[in-house]
Amino acid sequence: MHRFGQHFLIRGQVATDIVKVVEISETDTVIEIGAGRGSLTKPLAETGARVISYEVDASLKKLLQFKLKSFGNVELRFKDFLTVEPSELPRNCVCVGNIPYYISKEIIEKIVQLSFKRAILMIQKEFADKMTAYPGGKNYRYISVLAQTFYDVQRVMTVSKKDFSPPPSVDSVVVKMELRNDIPNFVEYRNFIRFLLSSPGKNLSSVLKQVFKGDTNKILKKLNLPMMNTKVRRTPIETFLGLYKGWLSWKEQNSLNVY
1 MHRFGQHFLI RGQVATDIVK VVEISETDTV IEIGAGRGSL TKPLAETGAR VISYEVDASL
61 KKLLQFKLKS FGNVELRFKD FLTVEPSELP RNCVCVGNIP YYISKEIIEK IVQLSFKRAI
121 LMIQKEFADK MTAYPGGKNY RYISVLAQTF YDVQRVMTVS KKDFSPPPSV DSVVVKMELR
181 NDIPNFVEYR NFIRFLLSSP GKNLSSVLKQ VFKGDTNKIL KKLNLPMMNT KVRRTPIETF
241 LGLYKGWLSW KEQNSLNVY
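For the sequence shown, position 107 matches number 107 in our numbering, and the numbering has no gaps at all.
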């Protein structure tokens with residue numbers, strides 16, 4: 001494996017197929033996570049869209065500059081995508097990337113924070129199973145709730161491990177994320193669901209007692225929310241969102257901080 005956990009895509013047809021899924025035009029701005037050796041960057045640039053490509057590995061700079069020198073619509077930024085702030089990017093961008101497994105969760109959190117209108121990501125199958133899991137499923141957890149609160153997440157295609165160098169241990173999956181909710185305070189929502197999902201096997205009602213710090217039944221009734229006797233791991237996305245909004249209202253009324 002490369003020192004930054006990268007597995008470079010080596011099959012050109014896969015890159016072409018991914019670019020088709022992105023559905024971009026010359027008027028779009030595409031943010032690429034990890035230029036690598038330019039396998040995706042080049043076909044993205046050929047669409048005529050503006051491409052801003054982030055690459056953490058400065059040793060790839062000369063290769064990328066040479067490979068992409070004929071494209072005036074590509075901007076290479078040699079920095080860690082996880083350090084990008086919203087002010088650095090244009091609005092309504094599309095995000096594309098081949099994501100290292102060991103930082104997949106952090107990248108999804110960053111994508112949610114930056115509110116891309118669409119994201120096409122190539123991720124390892126195990127992580128795709130978590131992102132697309134349903135309430136009550138064995139893979140349903142924090143990252144499932146976070147991703148699906150903000151985005152409609154769909155599997156698009158499977159990519160063989162043989163299409164990478166060096167080959168990873170498992171196949172990869174391309175997922176498509178379409179923005180559905182834009183919650184102003186991402187960090188607060190992230191902390192809220194992370195706290196609830198830290199006890200997946202407990203009844204939601206018992207975990208909520210730690211959140212509301214009082215008569216939970218009375219508070220939920222006042223907020224027009226039902227008492228929750230289901231397990232945390234079986235709780236639907238819409239319920240988490242409703243609880244969060246109710247918690248914000250309760251916190252504002254009581255001028256309290258939970259975290």
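Idealized CB from N, CA, C, for every residue including glycine. Everything numeric in this text was worked out from a predicted model, so none of it was measured.
Comparing C-alpha positions only, which one of E55, E26 and V56 sits nearest to G48? Position 48 of the sequence shown, counted from the start, is the residue given in the question as residue 48. Nearest of E55, E26 and V56 to G48, Cα basis: E26.
Locate the beta strand (DSSP E) running through E126, then write down its first and last residues. Position 126 of the sequence shown, counted from the first residue, corresponds to residue 126. Segment K125 to M131 is the alpha helix (DSSP H) holding E126; no beta strand (DSSP E) there.
Per DSSP, what kind of secondary structure is E106 in: helix, strand or coil? The residue you call residue 106 lines up with position 106 of the sequence shown. Three-state result, E106: helix.
Kindly indicate which three-state DSSP category D28 falls into: helix, strand or coil? Counting from one through the sequence shown, the residue named residue 28 turns up at place 28. Of the three classes helix, strand and coil, the one that applies to D28 here is coil, per DSSP.
What whole-angstrom Cβ distance do P200 and R155 have, given they're in contact under 8 Å? Position 200 of the sequence shown, counted from the start, is the residue given in the question as residue 200. Position 155 of the sequence shown, counted from the start, is the residue given in the question as residue 155. Contact flag wrong, Cβ pair sits at about 23 Å.
Cα-Cα separation, P236 to R118: In the sequence shown, residue 236 corresponds to position 236, counting from 1. In the sequence shown, residue 118 corresponds to position 118, counting from 1. Answer to the nearest angstrom: the Cα atoms are 23 Å apart.
Among T132, R233, K202 and I183, which has the Cα closest to the Cα of Y173? Here residue 173 refers to the residue found at position 173 when the sequence shown is read from its first residue. For the sequence presented, residue 173 should be read as Val rather than Tyr. Ranking the options by Cα distance to V173, first place goes to T132.
For V19, is the classification buried or exposed, using 16 other Cβ atoms within 10 angstroms of its Cβ as the cut-off for buried? Looking up residue 19 in the sequence shown gives position 19. The residue is buried, with at least 16 neighbouring Cβ atoms inside 10 Å.
Cβ-Cβ distance between V112 and F150 below 8 Å: Sequence index remark: in the sequence shown, residue 112 carries index 112 (1-based). Sequence index remark: in the sequence shown, residue 150 carries index 150 (1-based). For V112 and F150, yes; Cβs fall inside 8 Å.
Mind checking who L158 pairs with in its DSSP beta bridge? As a first step, residue 158 is located in the sequence shown; it is residue number 158 there, counting from the start. Here residue 158 turns out to be Thr, not Leu, going by the sequence shown. Answer is V173.
Could you pull the start and end residues of the alpha helix (DSSP H) that S87 belongs to? The sequence position of residue 87 within the sequence shown is 87, counting from 1. S87 -> no alpha helix (DSSP H), and no H or E assigned at all.
Is the stretch 85-92 touching the stretch 62-75, taking contact as three or more C-beta pairs under 8 Å? no
So, is Q124 buried or exposed, given that buried needs 16 or more other C-beta atoms within 10 angstroms? As a first step, residue 124 must be located in the sequence shown, where it is residue number 124. Per the 10 Å Cβ criterion, buried.
Mind checking who Y151 pairs with in its DSSP beta bridge? Indexing the sequence shown from 1 puts residue 151 at position 151. Answer is L179, bridged to Y151.
Under the three-state reduction of DSSP, which class applies to F71: helix, strand or coil? Here residue 71 corresponds to residue number 71 of the sequence shown, with the count starting at 1. It is coil, neither helix nor strand.
Would you grab the beta carbon distance between L44 and V30 for me? Rounded to a whole angstrom, and I think it's under 8 Å. Stepping through the sequence shown from its first residue, residue 44 is reached at position 44. Stepping through the sequence shown from its first residue, residue 30 is reached at position 30. Yes, they are in contact, since the Cβ atoms of L44 and V30 sit about 5 Å apart, within 8 Å.
Please report the straight-line C-alpha distance between V21 and K176, rounded to a whole angstrom. As a first step, residue 21 is located in the sequence shown; it is residue number 21 there, counting from the start. As a first step, residue 176 is located in the sequence shown; it is residue number 176 there, counting from the start. Straight-line Cα distance between these residues: approximately 8 Å.
Going by CA-CA distance only, name the one from D152, E106, Y102 and K130 that's closest to I120. By 1-based counting over the sequence shown, the position of residue 120 is 120. Nearest of D152, E106, Y102 and K130 to I120, Cα basis: D152.
Is the beta carbon of N203 closer than 8 Å to that of K231? Taking the first residue of the sequence shown as 1, we reach residue 231 at position 231. Taking the first residue of the sequence shown as 1, we reach residue 203 at position 203. Yes; because the gap between Cβ atoms is below 8 Å, this pair is in contact.
What separation, rounded to the nearest whole angstrom, lies between the Cα atoms of A147 and E252? Position 147 of the sequence shown, counting from 1, holds the residue named residue 147. Position 252 of the sequence shown, counting from 1, holds the residue named residue 252. One C-alpha to the other measures close to 26 Å.
8 Å contact criterion, which D163 and V51 should meet: CB distance rounded: Position 163 of the sequence shown, counted from the first residue, corresponds to residue 163. Position 51 of the sequence shown, counted from the first residue, corresponds to residue 51. Rounded, the Cβ-Cβ distance is 22 Å, inconsistent with contact.
Going by DSSP, name the residue or residues bridged to Y189. Along the sequence shown, read from residue 1 onward, the residue named residue 189 stands at position 189. Answer is none; Y189 lacks a bridge partner.
Around the Cβ of F116, are there at least 16 other Cβ atoms within 10 angstroms (buried) or fewer (exposed)? Start at 1 with the first residue of the sequence shown, and residue 116 comes out as number 116. When all chains shown are included, F116 counts as buried.
Within 8 Å, strictly: CB atoms of E46 and L40: Walking along the sequence shown from the start, residue 46 turns up at place 46. Walking along the sequence shown from the start, residue 40 turns up at place 40. Their beta carbons are not under 8 Å apart, which means E46 does not touch L40 by this criterion.
Name the DSSP bridge partner or partners of C95? Sequence index remark: in the sequence shown, residue 95 carries index 95 (1-based). DSSP output for C95 lists I31 and A119 as bridge partner(s).
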